Every structure is written in structure tokens, then in C-alpha cells.
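Trainee: Just so you know, the sequences run in chain order A and B.
Taking the working numbering, the leading residue of the first sequence gets 2, the next gets one more, and so forth.
Taking the working numbering, the leading residue of the second sequence gets 2, the next gets one more, and so forth.
Cβ coordinates follow ideal geometry from the N, Cα and C atoms, glycine included.
Nothing here was measured: the structure is a model prediction, and the numbers come from that model.
For reference, the structure I am asking about is given below.
There are 2 protein chains.
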Amino acid sequence: MFTGLSAFPLTPLRDDVIDLAAFEGLVARLVEAKVDSVTALGSTGSYAYLDRSERRQVTEAAIAAAGPVPVIVGIGALRTSQVRALAEDAQDAGAAGVLLAPLTYQKHTEDDVFGLYEDVTADLSVPLVVYDNPGTTHFTFSDELYGRIAELPNVASIKIPAIPADPASAAARVDAIRARVPAQVTIGISGDSAAQTGLSAGCDVWYSVIGGTLPQLATAIARPALAGDVDAARAASNRHQPLWDAFAKHGSLRVTAAIAEHLGLVTRSSLPRPILGLSTEERLDVAKLVTDLGLQN
Amino acid sequence: MFTGLSAFPLTPLRDDVIDLAAFEGLVARLVEAKVDSVTALGSTGSYAYLDRSERRQVTEAAIAAAGPVPVIVGIGALRTSQVRALAEDAQDAGAAGVLLAPLTYQKHTEDDVFGLYEDVTADLSVPLVVYDNPGTTHFTFSDELYGRIAELPNVASIKIPAIPADPASAAARVDAIRARVPAQVTIGISGDSAAQTGLSAGCDVWYSVIGGTLPQLATAIARPALAGDVDAARAASNRHQPLWDAFAKHGSLRVTAAIAEHLGLVTRSSLPRPILGLSTEERLDVAKLVTDLGLQN
Chain A
2 MFTGLSAFPL
12 TPLRDDVIDL
22 AAFEGLVARL
32 VEAKVDSVTA
42 LGSTGSYAYL
52 DRSERRQVTE
62 AAIAAAGPVP
72 VIVGIGALRT
82 SQVRALAEDA
92 QDAGAAGVLL
102 APLTYQKHTE
112 DDVFGLYEDV
122 TADLSVPLVV
132 YDNPGTTHFT
142 FSDELYGRIA
152 ELPNVASIKI
162 PAIPADPASA
172 AARVDAIRAR
182 VPAQVTIGIS
192 GDSAAQTGLS
202 AGCDVWYSVI
212 GGTLPQLATA
222 IARPALAGDV
232 DAARAASNRH
242 QPLWDAFAKH
252 GSLRVTAAIA
262 EHLGLVTRSS
272 LPRPILGLST
282 EERLDVAKLV
292 TDLGLQN
Chain B
2 MFTGLSAFPL
12 TPLRDDVIDL
22 AAFEGLVARL
32 VEAKVDSVTA
42 LGSTGSYAYL
52 DRSERRQVTE
62 AAIAAAGPVP
72 VIVGIGALRT
82 SQVRALAEDA
92 QDAGAAGVLL
102 APLTYQKHTE
112 DDVFGLYEDV
122 TADLSVPLVV
132 YDNPGTTHFT
142 FSDELYGRIA
152 ELPNVASIKI
162 PAIPADPASA
172 AARVDAIRAR
182 VPAQVTIGIS
192 GDSAAQTGLS
202 AGCDVWYSVI
212 GGTLPQLATA
222 IARPALAGDV
232 DAARAASNRH
242 QPLWDAFAKH
252 GSLRVTAAIA
262 EHLGLVTRSS
272 LPRPILGLST
282 EERLDVAKLV
292 TDLGLQN
């Protein structure tokens, strides 16, 4: 489950209420594209903006719509007791695994973060993905902390941020993490523009933003990369450079939401306010990018 | 209300439940010390870690315990609709004002933040303090954005982060902000070590962490500073340099909680997990600091 392609669907809103029908439609596309797992309520799924009952709804809908595909559910929250309650909800609903980022308001120490994972994994009955996303959490894991946390019970995977673009440096980076964590703990790349490099450098799984909305695009990169065909994977990734450039400029969430809105997969203004979607002008650029790259197919 | 000394009490927990009796005790000390206002559920009051019903409890307790002293209530949350609900709760409970920081998970644009304040102030019936705390929100206001937001209805004050230590540079900084915002909008300094400099440089109010736990210490700095006696204010602030050094090292929240725990104002482990309190060794340093500076009196 913690290998291959894990696709992160958006959680679309409509007038500040979760649009469950649109969400189920997104998950159905992922099943059809044969992704290896669905991660609901990741950063792309706006988990941090949703309350407990909304998160329960999304979890249940994801599991129902995913059928045989395993569903991992994001359980991040600022307070440990809130995370534990969300873990319980996810387990009760039938999640195959959970994903946990160390959200911060006050700056965390390494001991705070270790304590969070220690407290949460102690109660778990499903595997956990450690979610290292410094762009949103403003916490930076050391490799030593990866190692300490990876030894905790139920830790199954670590989702790491983007790695160096140069293949040799990328491989060295993945090897350095690999040396710190038990063999059964998989290493997953995130940052879609770095996915091919990460998978070719030895990552076991791609935790993918764009894969949650355009799974065909993601499989076109992931399948050759996982099969060891570096050249084909690189060509597939490089062909989407304008998309990665847009992600770098506006953030992957806003661009992915604009694509989903443009394609009619979700309705306009699908992101939780105060996050505004792209401007009208920026949307025209996204629409052109969709046409140029053939993303509508 | 948005001038003088605004004191930010801790929201102490006890086994992950709000210790209302201890909280009321903290607020009673502030009333006795004649602070100008109490700001409940600021960063020091751990607002971001508490759910809506907990925040309602704390708001009601603060207003009851503060008697004639006006209470400002923090209403920050990640989603605009959550902020609006918290604003309504605060108003219903009788808050004299509200305090709003632009919490982030996804990186905010200036338009997102302006939109947040626009949406929230449109419904308000009490004044609002704009809370600029880049250390926790990871959002940086431009002076131009201060100006745009300060023109919105009900905006009464801006809580700014620490300013340059040099008095001339500090005065230039406060003047630059002052030139951007309407005359009736007060400017408040935060970062306790910068309070004397800020007040002497023309800030109207000190939004004080330590003032919420040790109000006598804060008034000893604020009163001369507000009366224009720069030398006396500076001497009072400089005398507490070891405290500011501890704030810089461990963060003001952890140090203030350790002081309150040491003095028996709250019970041990009063912070919301995953935030661990100071270590045993660090607590010994804090205890020594309390004795050396006479903070127990």
C-alpha cells in the first residue's frame, strides 16, 4: 500500500460546504486509473481547514468510492488529543492507513514532534505515514528524527519533501534517509516536479498532488519510473514542465484546483476561504496549459 | 481600550482539560494590577489549540472574572467561516473587542489576507485588533496591506511584531506605520523585550505576554514609558534582561508557563500537547531567574 502511486484528491467546497458528489467523482477517476492508493485529506485535500465532522464525512465518502483501493487518511491537527480523536475516526471508518504532519502554531522542538508521534502511534491499529511538509508545517525534520520516529510501532512510510534535481545528489539523499530507517519503512517523494527524480533515485512511492486530479498524467510518469525506465519517466515528467512551473509560481493546490474547476470536475471557488483561487488572468494561463499539454483527455 | 497595557493570560490545561479555576485566578491578578485590558485567547492563551466550545468557555470565564476591565478575545482560525463563528461567539459573550491573526497552512497571498479581514469585519459589531505575528503565522504584512486593512470598518488597532532596538530606528518604524493608517487606529507593540522601545517610540499600547502572568512587572515598564519617562522605563526593562534572554531562547510561551507553574498559579504541564514544557534543567534556570529578579513578589 505504501508503494507505487498514492493520489491525493482535492476536497472541493461549494458555498463553504463540502461537495461530496464532486469528491466522489474525483475518487472514482483514481480507481479507474488504477492508482495504488488514495490519500484523502492530505494538504491537497485541505484537511487543516475542515472540522472533525467534515473530515469524518470525507473519510467515509473516500472509502466508499475507492472500493478495493486502499485509502489513507490525513489526521493532522494542532493538538495531540485532536489528532488522536481523528485517528480513531479514521480507523472506525475503515481507513487502511493514516497520514500525520506535525502542524505548528508555536514553534516545535524535536522532542515535541517525537512526543506527538509517540503518543499517536501508541494507540493506532493501522499503519502511519510520517508527513514531512516544511512548506506548510514550518517544521524541519532532521534525519536523526526520521530515524527515531521510524522506530515507533505502526510507522510504515515517510513522505519527504522535494530532493535535489541532480540524479546523483538525489540518490545520495534517498540513501542517507534509507540508512536511518528500518527496511520495512518506505520512503515517498512529494513535490510533483521532483517525482521522477525521486522514484528513479530509489523512493518507493510518490505521494502525488496532480495524481489526485489527473491520475493518467501521474501514472505516465510513475509507471516507467517504478519499472526502472529512467529515460521514459524523465521524458514524461519533462513534458509537463509548464505545469511544474505553474506549481512553483502559485502553489500546487491553487493550480490543481483551477484545473479541476476548468475541467468541470468541481465547481468554481472550490477552495476554503480565505484561500482565493487564481485570478481570472491566471486562470486563462491555466486553461492554455491544459490545452497545450492535452490535460483534458 | 486599545491603549496602555493589554495583558495576555495563559489558558492553563490540566490533563488536557481547561483549568478554569486557574484561568480565573490569572485574570483576577490582572484586574488587581489595573491593566487597561485583558486579551484572552491570544497566542499566549493557546487559542489555536482549542476548539470552539473550549474557546467559548474561556471567553465567558474571562469576561466574568475581568469585571469592569474590557476583554479582547482572539478569534483566529484557518478558515474564514470558522473565524466568523468565533467572532459571533465572542460578541454574544460580551467581548469588548476581538483579535485576529491570519493563520496559515497554505501560504497566503496579500489578497487572501485582505479578503479575510474584509469578510470578518463586515459582520462585526465590536472593534478588531489586527494581529501581525509572523513567528506563528508565517505571514508578513506589508505596510501597504496594514493601510488597506486599517481602512476597513471596525479596525481599531494593529499589533505589530518587535521593532529595531535603536530608539531612532524604532521611532522611524512606528512613524512609517502611523503614516499609513487612520489616526483612530492605535499601534500596539508586541515582543515583550521590545515593549519599552516601542512605547517610547510612539506605540499606543503594549500587547504583553508577561503582563498576563506578572502584571506588576509589566506595569513597572509600561507606566513610565506611557508617561514619557524614557529613562525609568528603560531601566525597568533592562533590569529584566535575563527574562528577555530566556524568551529569546525558549519562546515566551514556554518560559511564561514555566514561571506560572513554578509560582503555583497553574499546575504542571499546563501547555497543550504536543508542546512540552521546559525540561527539568531549564526549569531550574527559570526558578533561579524568578528569585534573582524578585518575580515571586
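1. Between the C-alpha atoms of G95(A) and I64(A), what's the straight-line distance to the nearest angstrom?
2. So which residues on chain B does G116(A) lean against when the C-beta distance must stay under 8 Å?
3. So does V206(B) have its beta carbon nearer than 7 Å to some heavy atom of the ligand ZN?
4. At a Cβ threshold of 8 Å, is Q58(B) touching chain A?
5. So, for P103(B): in the same chain, excluding its five sequence neighbours on each side, which residues have a beta-carbon less than 7 Å away from its beta-carbon?
6. Relative to chain A, which residues along the region 25–45 of chain B have a C-beta separation below 8 Å, given in chain order?
7. Just grab the DSSP bridge partners of L14(A) for me.
8. Closest by CA to R224(B), which one among V210(B), R57(B), D205(B) and Q242(B)?
9. Who are the neighbours of H139(B) on chain A, taking C-beta pairs under 7 Å?
10. Roughly how many angstroms lie between the CA atoms of A172(B) and P275(B), to the nearest whole one?
11. Looking at F9(B): is its Cβ nearer than 8 Å to the Cβ of G68(B)?
12. On the DSSP letters alone, give me the boundaries of the beta strand (DSSP E) that K160(A) sits inside.
13. Is the CB of G212(B) under 8 Å away from at least one CB in chain A?
14. Identify each residue in the region 68–87 of chain A for which the Cβ-Cβ distance to at least one residue of chain B is less than 7 Å, and report them in chain order.
15. Considering only the beta carbon of each residue, do T187(B) and S209(B) sit closer than 8 Å?
16. Residues of chain A with CB under 7 Å from A49(B), in chain order?
17. Quick check on D20(B) - is its C-beta less than 8 Å from some C-beta in chain A?
18. In or out: K160(B) buried (at least 16 other Cβ within 10 Å) or exposed?
19. Based on the DSSP output, what are the partners of S38(B) in its beta bridges?
20. Do you know offhand how far D52(A)'s Cα is from L101(A)'s?
21. Name the DSSP bridge partner or partners of T187(A)?
22. Rounded C-beta distance between A88(A) and I76(A)? I'm assuming under 8 Å.
23. With DSSP as the reference, identify every bridge partner of R129(B), one or two as the case may be.
24. Which residues in chain B sit within 9 Å of L290(A), going by Cβ to Cβ distance?
25. When the Cα of T40(A) is compared with those of S54(A), V59(A) and E33(A), which residue comes out closest?
26. Taking the C-alpha atoms as reference points, what is the distance between A66(A) and T12(B)?
27. Could you check what DSSP says for G203(A) in three-state terms: helix, strand or coil?
28. Taking Cβ-Cβ distances shorter than 7 Å, what residues in chain B pair up with L254(A)?
29. Quick test of your reading: Y50(B) and R80(A), contact by CB under 8 Å. State the CB separation rounded to the nearest angstrom.
30. Return the CA-CA distance between A253(B) and S170(A), expressed in angstroms with no decimal places.
31. Would you report the Cα separation of N134(A) and N134(B), rounded to the nearest angstrom?
32. By DSSP, does S209(A) sit in helix, in strand, or in coil?
33. So D113(A) contacts chain B; which residues on that side make the cut at Cβ distance below 7 Å?
34. Going by other Cβ atoms of all chains shown within 10 Å of its Cβ, with 16 needed for buried, is L285(B) buried or exposed?
35. Can you tell me the Cα-Cα spacing of R181(B) and F24(A), whole angstroms?
36. Taking I73(B) as part of the beta strand (DSSP E), name the residues at either end of that continuous run.
Mentor: In this structure, then:
1. 7 Å
2. Contacts between G116(A) and chain B, judged by CB atoms closer than 8 Å, involve R274, P275 and L277 in chain order.
3. This structure lacks the ligand ZN; in fact it carries no ligand of any kind.
4. no
5. H109, V114, L117, T138 and F140
6. S44
7. For L14(A), which the question treats as bridged, DSSP gives the partners I19(A).
8. D205(B)
9. Near H139(B) (Cβ distances below 7 Å), the residues of chain A are H139.
10. 39 Å
11. no
12. V156 to I161
13. No - not a single Cβ of chain A is within 8 Å of the one on G212(B).
14. So the list reads L79, R80, T81 and S82, given in the order they occur along the chain.
15. The answer is no: Cβ separation not under 8 Å.
16. L79 and Y106
17. no
18. buried
19. S7(B)
20. 16 Å
21. DSSP, once it has assigned bridges, lists S158(A) as partnering T187(A).
22. 5 Å
23. Before going on, a small fix: residue 129(B) reads as Leu here, not Arg. Per DSSP, V99(B) and V156(B).
24. Chain B residues near L290(A): none, gap ~20 Å exceeds 9 Å.
25. Among S54(A), V59(A) and E33(A), the Cα nearest to that of T40(A) is on V59(A).
26. 42 Å
27. Three-state result, G203(A): coil.
28. Q107
29. For Y50(B) against R80(A), the beta-carbon gap comes to about 5 Å, under 8 Å, which counts as contact.
30. Per the sequence shown, the amino acid found at residue 253(B) is Ser instead of Ala. Near 39 Å, if we compare the C-alpha coordinates of S170(A) and S253(B).
31. 21 Å
32. strand
33. P275, I276 and L277
34. exposed
35. 44 Å
36. V72 to G75
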